[in-house]
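Colleague:
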Amino acid sequence: MACTKYSRLPSLRILHYMPTNFGMTGVETFILQLCVAQKRLGFLSTIAIDLRSREEVGRIANENGIAVFDLSEGETLTSGRQGKWTQLLTRLRRVRALGKLQRLHDVMHIHAVGIAGLEGFLASWSSPLIITHHATLSWYSKYWNLVSSITFWLERRYADRVVFPYSTAAEEMIGRGISRSQMTVIPFCVDEAAFEGVALKPLPGQLTLIMSARMFGGKGHMELLGAMGQLHSQYPMLRAILIGDGPTRPEIEAEILRLDLSEVVECLGRVDHRQVPAVMRSGHVVVLPSYMEGEMFPLCLLEGMALGLPAIGTRIAGIPDIIADGETGILVEPRDLTGLARAIEKFIVDTDFLERARMSAQVRFRSRYGAGAVARAYAEAYKLAQMGSKRI
Numbered sequence: 003m004a005c006t007k008y009s010r011l012p013s014l015r016i017l018h019y020m021p022t023n024f025g026m027t028g029v030e031t032f033i034l035q036l037c038v039a040q041k042r043l044g045f046l047s048t049i050a051i052d053l054r055s056r057e058e059v060g061r062i063a064n065e066n067g068i069a070v071f072d073l074s075e076g077e078t079l080t081s082g083r084q085g086k087w088t089q090l091l092t093r094l095r096r097v098r099a100l101g102k103l104q105r106l107h108d109v110m111h112i113h114a115v116g117i118a119g120l121e122g123f124l125a126s127w128s129s130p131l132i133i134t135h136h137a138t139l140s141w142y143s144k145y146w147n148l149v150s151s152i153t154f155w156l157e158r159r160y161a162d163r164v165v166f167p168y169s170t171a172a173e174e175m176i177g178r179g180i181s182r183s184q185m186t187v188i189p190f191c192v193d194e195a196a197f198e199g200v201a202l203k204p205l206p207g208q209l210t211l212i213m214s215a216r217m218f219g220g221k222g223h224m225e226l227l228g229a230m231g232q233l234h235s236q237y238p239m240l241r242a243i244l245i246g247d248g249p250t251r252p253e254i255e256a257e258i259l260r261l262d263l264s265e266v267v268e269c270l271g272r273v274d275h276r277q278v279p280a281v282m283r284s285g286h287v288v289v290l291p292s293y294m295e296g297e298m299f300p301l302c303l304l305e306g307m308a309l310g311l312p313a314i315g316t317r318i319a320g321i322p323d324i325i326a327d328g329e330t331g332i333l334v335e336p337r338d339l340t341g342l343a344r345a346i347e348k349f350i351v352d353t354d355f356l357e358r359a360r361m362s363a364q365v366r367f368r369s370r371y372g373a374g375a376v377a378r379a380y381a382e383a384y385k386l387a388q389m390g391s392k393r394i
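The numbering used here puts the first residue of the sequence shown at 3, with every later residue one more than the last.
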């Protein structure tokens with residue numbers, strides 16, 4: 003597959019701020035791939051992030067010539083009453099550090115909302131500000147409090163652009179007072195230079211499923227195993243490769259044993275992101291039966307599509323925007339084991355459909371989700387933020 007040609011744009015300095023820390027997730031992967039694409043366009047991107055438990059961000063950034071500022075340096079983890087004062091002091095120090103960094107950049111790009119992004123708001127008081135939402139309104143509402151109300155008010159009042167990966171998420175936020183004129187819809191992306199090539203076609207009766215997701219409640223690992231348990235005796239060449247680690251891994255491995263799927267399901271654990279494309283090329287369909295609250299626009303589906311893998315996903319959040327049902331994959335209802343099993347079986351028995359979906363998936367990826375196109379869309383959002391900045 004030919005890589006996108008990147009013509010250089012006028013130089014722009016962007017500070018990406020990622021305040022939350024849940025380990026290495028799709029958010030960090032997206033930021034890294036966006037920064038790499040922005041560098042190809044001639045932009046200078048810096049990532050401000052707490053590297054604890056996600057040192058991989060620093061390594062990947064360093065390999066690609068992306069500057070990283072580690073926010074964890076000098077910070078201590080405490081709890082209780084004394085911990086609250088320490089947390090306040092930590093936040094104030096972060097504001098100061100971010101403020102110094104922001105003076106060297108043209109735009110602050112925050113990758114979180116609510117209280118998590120508060121330091122970014124304060125540090126960018128005199129600079130254009132853009133915010134990307136990485137979770138659904140239902141997830142934010144679950145943890146809503148007075149501080150959330152204040153920070154969302156700040157977002158409505160002072161954010162120059164607010165970006166959502168799909169239109170329904172943007173529409174939901176209108177009810178929270180964000181105006182349409184502030185909003186931009188830009189999907190998440192995958193670096194087409196890293197995810198190039200095409201996965202091999204399966205042999206008759208063969209199908210290998212790829213599930214690349216953190217092993218966490220709601221991602222749908224158990225549902226996938228349940229569906230495979232229904233199909234295993236009839237389709238012995240059906241296999242699955244699980245990429246990822248997390249707190250529910252012991253339960254998942256126990257379920258594999260209980261269903262007698264050890265010979266056909268392989269748990270790889272955490273895989274170096276540079277090796278993910280090669281693992282995905284060994285499969286034929288990417289699957290994510292997620293029902294997790296907060297799931298938004300899963301990168302794993304885009305990664306599979308980049309390599310010509312059709313997708314099976316659930317009708318939640320942005321997944322229906324990614325998968326064209328019946329064209330690039332199949333949509334099923336959350337936690338519907340029978341529907342999931344039927345979708346898997348469809349790819350095994352209908353080889354013509356599989357081949358059409360393979361081609362359509364890669365075409366859809368190239369037209370919508372390549373990092374080059376997304377980086378250009380963000381460049382336009384930065385330009386609009388600079389032109390109409392609300393900052394003082």
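From the three backbone atoms N, C-alpha and C, an ideal C-beta is built for every residue, glycine too.
What does DSSP give as the partner residues of residue 171 in its beta bridges?
Modeller: None; residue 171 has no bridge partner.
Colleague: Based on the DSSP secondary-structure assignment, which residues constitute the bridge partners of residue 72?
Modeller: 51, per the DSSP bridge assignment.
Colleague: Below 8 angstroms on the Cβ atoms is my contact criterion, and I expect residue 168 with residue 187 to pass it. Report the Cβ-Cβ distance as a whole number of Å.
Modeller: Rounded, the Cβ-Cβ distance is 7 angstroms, consistent with contact.
Colleague: Within 8 angstroms, do at least three Cβ pairs link the region 169–189 to the region 270–280?
Modeller: Touching, no, given that fewer than three Cβ pairs across the two stretches are closer than 8 angstroms.
Colleague: Would you mind giving the Cβ-Cβ distance between residue 341 and residue 335, rounded to the nearest angstrom? I have them listed as a contact below 8 angstroms.
Modeller: With a Cβ gap of about 6 angstroms, residue 341 and residue 335 count as contacting.
Colleague: So, helix, strand or coil for residue 86, using DSSP?
Modeller: Of the three classes helix, strand and coil, the one that applies to residue 86 here is helix, per DSSP.
Colleague: Rounded to the nearest angstrom, how far is the Cβ of residue 303 from that of residue 332, given a contact under 8 angstroms?
Modeller: Between residue 332 and residue 303 the Cβ distance is about 12 angstroms, and since that is not below 8 angstroms, they are no contact.
Colleague: Can you give me the start and stop residues for the beta strand (DSSP E) that residue 242 sits inside?
Modeller: Start and end: 240–245.
Colleague: Residue 353: buried (16+ other C-beta within 10 angstroms of its C-beta) or exposed?
Modeller: Exposed, since its Cβ has fewer than 16 Cβ neighbours within 10 Å.
Colleague: Mind checking which residues open and close the alpha helix (DSSP H) that includes residue 344?
Modeller: That run of the alpha helix (DSSP H) goes 339–351.
Colleague: Using alpha carbons as the reference points, say which of 33, 96 and 269 lies closest to residue 69.
Modeller: Taking only the C-alpha atoms, the option nearest residue 69 is 33.
Colleague: Compare the C-alpha of residue 204 against each of 300, 355 and 46 and name the closest.
Modeller: Taking only the C-alpha atoms, the option nearest residue 204 is 355.
Colleague: Kindly indicate the opening and closing residues of the alpha helix (DSSP H) around residue 231.
Modeller: Looking at the DSSP string, the run of the alpha helix (DSSP H) that includes residue 231 is 223–233.
Colleague: Return the chain-ordered list of same chain residues with a C-beta closer than 8 angstroms to the C-beta of residue 81, the five sequence neighbours on each side being excluded.
Modeller: For residue 81, the predicted structure reports a pLDDT of 44, less than 50, and the residue's modelled location is therefore unreliable. A value from the coordinates is still provided. Excluding residues within five positions, none has a Cβ falling inside 8 angstroms.
Colleague: Assuming contact is defined by CB atoms lying nearer than 8 angstroms, are residue 39 and residue 49 in contact in what I supplied?
Modeller: Result no, Cβ atoms of residue 39 and residue 49 do not sit closer than 8 angstroms.
Colleague: Can you round the beta-carbon distance between residue 213 and residue 290 to whole angstroms, since I take them to be within the 8 angstroms contact cut?
Modeller: Right, the Cβ-Cβ distance comes to about 7 angstroms (below 8 angstroms), so this counts as a contact.
Colleague: State the DSSP-derived secondary structure class of residue 186, mapped to helix, strand or coil.
Modeller: Looking at residue 186 - three-state DSSP - the assignment turns out to be strand.
Colleague: Give the straight-line distance between the Cα atoms of residue 124 and residue 90, rounded to the nearest whole angstrom.
Modeller: Roughly 14 angstroms separates the two Cα atoms.
Colleague: Taking the alpha carbon of residue 248 as the reference point, which residue from 257, 271, 228 and 236 has its own alpha carbon closest?
Modeller: Of the listed residues, the one whose Cα sits closest to residue 248 is 271.
Colleague: DSSP state of residue 31, grouped into three classes?
Modeller: Correct three-state label for residue 31: helix.
Colleague: Determine, using beta carbons only, whether residue 233 and residue 346 come nearer to each other than 8 angstroms.
Modeller: Contact: yes.
Colleague: Using a Cβ-Cβ cut-off of 6 angstroms (strictly less than) and excluding sequence neighbours within five positions of residue 108, which residues of its own chain qualify?
Modeller: Taken in chain order, the residues that qualify are 14 and 15.
Colleague: Where does the unbroken alpha helix (DSSP H) through residue 269 begin, and where does it stop?
Modeller: Not the alpha helix (DSSP H): residue 269 falls in the beta strand (DSSP E), residues 267–271.
Colleague: DSSP three-state label for residue 19, please.
Modeller: Looking at residue 19 - three-state DSSP - the assignment turns out to be strand.
Colleague: Tell me which same chain residues have a C-beta within less than 7 angstroms of the C-beta of residue 21, skipping the five on either side of it?
Modeller: Here the set comprises 114, 118, 119, 121 and 122.
Colleague: In terms of alpha-carbon separation, which member of 388, 165 and 377 lies closest to residue 44?
Modeller: Closest by alpha carbon: 377.
Colleague: Helix or strand or just coil, what does DSSP make of residue 45?
Modeller: Three-state DSSP puts residue 45 in coil, outside helix and strand.
Colleague: Give me the Cα-Cα distance between residue 275 and residue 184, rounded to the nearest whole angstrom.
Modeller: Their Cα atoms are separated by approximately 34 angstroms.
Colleague: For the region 97–166, list the beta strand (DSSP E) runs that are entirely contained and at least 3 residues long, ordered along the chain.
Modeller: DSSP runs (the beta strand (DSSP E)) wholly in the region 97–166: 109–112, 131–134 and 163–166.
Colleague: Since residue 246 and residue 216 are thought to touch, with beta carbons under 8 angstroms apart, how far apart are those beta carbons, to the nearest angstrom?
Modeller: Yes, they are in contact, since the Cβ atoms of residue 246 and residue 216 sit about 5 angstroms apart, within 8 angstroms.
Colleague: Look at residue 97 and residue 132 and say whether their C-beta atoms are less than 8 angstroms apart.
Modeller: In this structure, residue 132 does not lie closer than 8 angstroms to residue 97 by Cβ.
Colleague: How should residue 157 be labelled, buried or exposed, when 16 other C-beta atoms within 10 angstroms of its C-beta is the threshold for buried?
Modeller: By the 10 Å Cβ count, residue 157 comes out buried.
Colleague: Assuming the contact rule is C-beta atoms closer than 8 angstroms, residue 225 and residue 344 should be a hit. Round their C-beta distance to whole Å, please.
Modeller: The Cβ separation is near 13 angstroms, so there is no contact.
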